[in-house]
Amino acid sequence: MAEVEQSEQNLENKVSKKNKNRKPKPWDDDPNIDHWKIEKFDPAWNPTGMLEVSSFSTLFPQYREKYLQDSWPRIESALKQHGVACKLNLVEGSMTVSTTRKTRDPYIIVKAKELMKLLSRSVPAPQAIKILEDEVQCDIIKIGNLVRNKERFVKRRQRLVGPNSSTLKALEILTNCYILVQGSTVAAMGSYQGLKQLRRIVENCMENILHPVYHIKTLMIKKALAKDPALANESWERFLPKFKKKNAKKIEKRENEEKKREKEEKKRYTPFPPPQPLSKVDKQLQSGEFHMSEKKKTEKEWQEKQVKQTEKSIENKRKRDASFLPPEEPMQKNNNNSTRSEDGKEDLTELTKSLKSKTKELKRQKKTHEKVNAEEFIAVTSSDQPSKKKSKKIRD
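In our numbering, each number is its position in the sequence shown, counted from 1, plus 789.
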């Protein structure tokens, strides 16, 4: 017990290496300061401007050429307010932004570069210009290389959009981000927290880890919990749902693959190479074909060919004859067979007895008909003499 207590004390006394060289600042514990708030840039902070000219250029697809040409004056006027110059080159199909003497904000050139990226990814110009604000950030998530199969990729991308883009609208409301699914990328604009959540949702959807609907459910619960001030400093894990994949076959397959990999890794290492496979000449030497003459070789090959042909012909004949064979009659079920068989036997015995009795009666009737003489039943007169001819036998 004493050893356990000592180990616990040592763990408590251990200081984390994170921020070990950081000195405390006077505004660290000030409750009036919001450390997450992004202050708006003031030109008075940099009155002299930039020392060097920095520029960025990005290419755009051909189908965006007409739209960019129409909306370029609006983009140019928006960048001019921040002291950034822009140029549209329709020959090369590129957009270029660069700093000028009037530029004061050093980070605005990075924002202008992000604006060019969003415009090339089919984001509308009025929406893309909002990236120049300090509170708005952007993230372009590449989803093209997450799925190999094209059909599967299209299905999962549609899963992200949802029927009538309902899933996309729900994600936009919950994350406070603008989302645009275009081709093999997902362009998003919003706060850092919203972009972080959105990236996780998109990657999980494309990798088939979790459906976006489940993420929407958790985000809705978090939004409801955030309104309660009593739960501000508590863990929300007990309130959040835990989803598990129902496809047990795939899970078992993955587990088996992992086990196989572990076994392969655990195999004993041997410095010796594997045995060399036998060549064609070695195989001929083993079978004795190497020392045979060409005539014998051809005879052997011909015999093997004949054997294969006979086997094949027998198999084909068997298949042909199988179509002429009558199908097997289905066997009757053996449920209560004992009682049925006994009843059947009794019925048969009764039938046989009745048939025998009927046949005996028929035979007796025939005999009686044969013995009866018709003359006995006819009145004979004195004048009429009996005929010498025998009376015919009456037959039924």
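Heads up, the beta-carbon is just placed ideally off N, CA and C, and yes, glycines get one too.
**Message:** I'd like to check one pair, I932 with T974: are the Cβ atoms closer than 9 Å?
**Reply:** In contact: T974 and I932 (Cβ atoms closer than 9 Å).
**Asked** So A914 and L868 are in contact, right, with Cβ under 8 Å, and what is the actual spacing, rounded?
**Response** The Cβ separation is near 12 Å, so there is no contact.
**Request:** Quick one: give me the first and last residue of the beta strand (DSSP E) that C927 is part of.
**Result:** That run of the beta strand (DSSP E) goes Q926 to K931.
**Request:** Could you tell me which residues DSSP pairs with C875 in its beta bridges?
**Result:** The partner list for C875 (beta bridge, DSSP) reads V886.
**Asked** Looking at the structure shown, is V975 part of a helix, part of a strand, or coil, going by DSSP?
**Response** V975: strand per DSSP, three-state reduction.
**Prompt:** So what's V991 in DSSP terms, helix, strand or just coil?
**Reply:** Helix, per DSSP.
**Prompt:** Is it true that the CB of V842 sits closer than 9 Å to the CB of T889?
**Reply:** A contact, by the Cβ cut-off of 9 Å.
**Request:** Tell me whether E1139 is buried or exposed, calling it buried when 16 or more other Cβ atoms sit within 10 Å of its Cβ.
**Result:** E1139 counts as exposed, since fewer than 16 other beta carbons sit within 10 angstroms of its beta carbon.
**Item:** Proximity winner among E881, L840, E922 and L984, relative to E828 (alpha-carbon distances)
**Value:** Distances from the alpha-carbon of E828 to those of E881, L840, E922 and L984 put E922 closest.
**Message:** Considering only DSSP beta bridges, list what V970 is partnered with.
**Reply:** Bridge partners of V970: V975.
**Request:** State buried or exposed for H871, treating a residue as buried only when at least 16 other CB atoms are found within 10 Å of its CB.
**Result:** It counts as buried.
**Request:** Helix, strand or coil for F845, going by three-state DSSP, please let me know.
**Result:** Residue state, collapsed to three classes: strand.
**Closest by C-alpha distance to W825, when choosing among E924, N835, W861 and P1001** = Nearest of E924, N835, W861 and P1001 to W825, Cα basis: E924.
**Proximity to Q926 [Cα-Cα], best of R910, L904, P1115 and F942** = Out of R910, L904, P1115 and F942, L904 has the C-alpha closest to the C-alpha of Q926.
**Request:** Mind checking which residues open and close the alpha helix (DSSP H) that includes H1004?
**Result:** In this chain, the alpha helix (DSSP H) harbouring H1004 covers P1001 to A1015.
**Request:** Could you pull the start and end residues of the alpha helix (DSSP H) that I898 belongs to?
**Result:** Segment I897 to S909, the alpha helix (DSSP H) holding I898.
**Prompt:** Taking C-alpha atoms, which residue in V950, L1137 and I822 lies nearest to C994?
**Reply:** Out of V950, L1137 and I822, V950 has the C-alpha closest to the C-alpha of C994.
**Status (buried if at least 16 other CB within 10 Å, exposed otherwise) for H1001** = Before going on, a small fix: residue 1001 reads as Pro here, not His. With 16 or more Cβ atoms within 10 Å of its Cβ, P1001 is classed as buried.
**Request:** State buried or exposed for S955, treating a residue as buried only when at least 16 other CB atoms are found within 10 Å of its CB.
**Result:** Around the CB of S955, fewer than 16 other CB atoms lie within 10 Å, so the residue is classed as exposed.
**Request:** Would you kindly report the start and end of the unbroken alpha helix (DSSP H) that includes P915?
**Result:** It spans A914 to A917 - the alpha helix (DSSP H) in which P915 sits, taken as one unbroken run.
**Request:** May I ask which residues mark the beginning and end of the alpha helix (DSSP H) holding L957?
**Result:** Where L957 is concerned, the enclosing alpha helix (DSSP H) stretches over S955 to T964.
**Chain-order list of residues whose beta-carbon lies under 7 Å from that of V936 (same chain, five-residue window excluded)** = The beta carbon of V936 sits closer than 7 Å to the beta carbons of F942, R945 and M995 from its chain, once the five residues preceding and following it are set aside; these are given in chain order.
**Asked** Between A976, K891, L969 and S909, which lies nearest to Y852 when the distance is taken from Cα to Cα?
**Response** Checking every option, the nearest Cα to that of Y852 belongs to S909.
**Item:** D831 versus L879, G983, T892 and K806, residue with shortest Cα-Cα distance
**Value:** For D831, the nearest C-alpha among the options comes from T892.
**Cβ pair L1029, L1020 closer than 9 Å** = Going by C-beta atoms, L1029 is not nearer than 9 Å to L1020.
**Item:** Where K807 falls: helix, strand or coil (DSSP)
**Value:** It is coil, neither helix nor strand.
**Unbroken alpha helix (DSSP H) run spanning R1209, endpoints** = Look at the range of the chain in this structure, 790 to 1185, and you will see that residue 1209 is not part of it.
**Asked** Would you say A907 and M1009 are within 9 Å of each other, going by their C-beta atoms?
**Response** Residue identity check: residue 907 is Leu in the sequence provided, not Ala. With a cutoff of 9 Å on beta-carbon distance, L907 and M1009 are scored as not near each other.
**Prompt:** If G882 and F845 are in contact, beta carbons under 8 Å, what's the gap, nearest whole angstrom?
**Reply:** 15 Å between Cβ atoms; not a contact.
**Message:** In this structure, how does DSSP classify W1025 when only helix, strand and coil are distinguished?
**Reply:** The answer is coil: DSSP assigns W1025 none of H, G, I, E or B.
**Three-state secondary structure assigned by DSSP to R1043** = Helix.
**Asked** For D1071, which three-state DSSP category applies?
**Response** Assigned with DSSP and collapsed to three states, D1071 falls in helix.
**Asked** Do you know offhand how far K1177's Cα is from K1147's?
**Response** Only weak support is given to the placement of K1177: the predicted model assigns it a pLDDT of 47, under 50, and the question is left unresolved by the model.
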